[in-house]
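Enquirer: Structure incoming, see below.
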Amino acid sequence: MIDTHSHILPALDDGARGVLESLKFVEIAASQGVETIFATPHAHDGVFNCDRKKITQACALLTGALIAKGISTKILPGSEIRVNHDLVTEYDKGNLLSLNNSGKWLLLELPPLFLCTAISMMLRQLKDRGVTPIIAHAERNPTILNQPQLVDEFIQNGAVIQITAASLTGDFGKFPLKTAKTMVELDQVFCLGSDIHPGREYCMANAKKELIRLAGRTKAELITSENPATMLENTKFPYKNVLSLGIN
Ligand SMILES: [Fe+2]
Numbered sequence: 005m006i007d008t009h010s011h012i013l014p015a016l017d018d019g020a021r022g023v024l025e026s027l028k029f030v031e032i033a034a035s036q037g038v039e040t041i042f043a044t045p046h047a048h049d050g051v052f053n054c055d056r057k058k059i060t061q062a063c064a065l066l067t068g069a070l071i072a073k074g075i076s077t078k079i080l081p082g083s084e085i086r087v088n089h090d091l092v093t094e095y096d097k098g099n100l101l102s103l104n105n106s107g108k109w110l111l112l113e114l115p116p117l118f119l120c121t122a123i124s125m126m127l128r129q130l131k132d133r134g135v136t137p138i139i140a141h142a143e144r145n146p147t148i149l150n151q152p153q154l155v156d157e158f159i160q161n162g163a164v165i166q167i168t169a170a171s172l173t174g175d176f177g178k179f180p181l182k183t184a185k186t187m188v189e190l191d192q193v194f195c196l197g198s199d200i201h202p203g204r205e206y207c208m209a210n211a212k213k214e215l216i217r218l219a220g221r222t223k224a225e226l227i228t229s230e231n232p233a234t235m236l237e238n239t240k241f242p243y244k245n246v247l248s249l250g251i252n
């Protein structure tokens, strides 16, 4: 499996508080069959503004620690970008870190309340630039919970939908669970992420079981592996000289 959303990097945002906690998260992920994890700390949200340099350095640090422990899970850089009015301008300035630093996939966190027309326009503008916007945890957004028809509109405007593993296991309550299930049944879900933070259960394996139950094994494989594998195209191991950083 590929985890497309996580806060596993040490001491960057409200995610892992140190390398030991990062390692614990990765070990649990590996035990559940996750081979690749996108590290997506919060960015441009006014509280945590993790930038490209900090994220890449933290990925290298964690990768070094994993190599030292003999854990083969791959950690790829990314960020969870809060959508503000200047989203496209910031993209054009080169200030937004895409998944795998590919310039092709941007993980976006919508604000709790938003104007649909404005969001749709930004999604289209990104798509016009060759970027596919990924709407993070769409099933937990209050506006989408009230107007689930927006999901289809966002897809029509070029976005893909990511849901959180713990929504499918019911850990975020009955409304995100119901909405996530409906999205799966309507074939609206492109990928799955753990969105792991301290205090939350890592549950990619149980979420995959739920996907199999809801939509069958073929669809579950698409959502957990095959669709996100398209985000790995042209991946080169991105951290040079990890061992020379003296991390062990
Ligand atoms: Fe997140």
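Residue numbers are given in the working numbering: position 235 of the sequence shown equals residue 239, and the series is strictly consecutive.
Just so you know, even glycine gets a beta-carbon here, dropped at the ideal spot from N, CA and C.
1) Does ligand 1 have even one heavy atom less than 6 Å from the beta-carbon of Asp191?
2) Does the beta carbon of Asp199 fall short of 6 Å from some heavy atom of ligand 1?
3) For a test of the three-state rule: what should DSSP assign to Ala140, helix, strand or coil?
4) With a threshold of 6 Å (Cβ to nearest heavy atom), would Glu25 be considered close to ligand 1?
5) Take Leu172 and list the residues in its own chain whose beta-carbon comes closer than 6 Å to its own, dropping the five residues that flank it on each side.
6) Quick check on DSSP: helix, strand or coil for Asp132?
7) Expressed to the nearest angstrom, what Euclidean distance is found between the alpha-carbon atoms of Ile123 and Leu27?
8) Suppose you measure from the CA of Gly82 to the CA of Arg217; what does that come to, to the nearest Å?
9) Could you check whether Leu114 and Asn145 sit closer than 7 Å to each other, using their CB atoms as the reference points?
10) Buried or exposed: which applies to Val51, given that a residue is buried once 16 or more other Cβ atoms fall within 10 Å of its Cβ?
11) Taking 6 Å as the line, does the beta carbon of Glu205 fall inside it for any heavy atom of ligand 1?
12) Count Cβ pairs between the segment 30-37 and the segment 53-60 that sit closer than 8 Å; are there 3 or more?
13) Return the CA-CA distance between Asp191 and Ser198, expressed in angstroms with no decimal places.
14) Identify every run of the beta strand (DSSP E) within the segment 19-79, keeping only runs that are complete inside it and at least 3 residues long; order them along the chain.
15) For a test of your reading of the model: does the CB of Glu143 fall under 6 Å from any non-hydrogen atom of ligand 1? Yes or no.
Expert: Reading off the structure:
1) no
2) yes
3) coil
4) no
5) Ala184, Ala211, Glu214
6) helix
7) 36 Å
8) 30 Å
9) yes
10) exposed
11) no
12) no
13) 20 Å
14) 40-43
15) no
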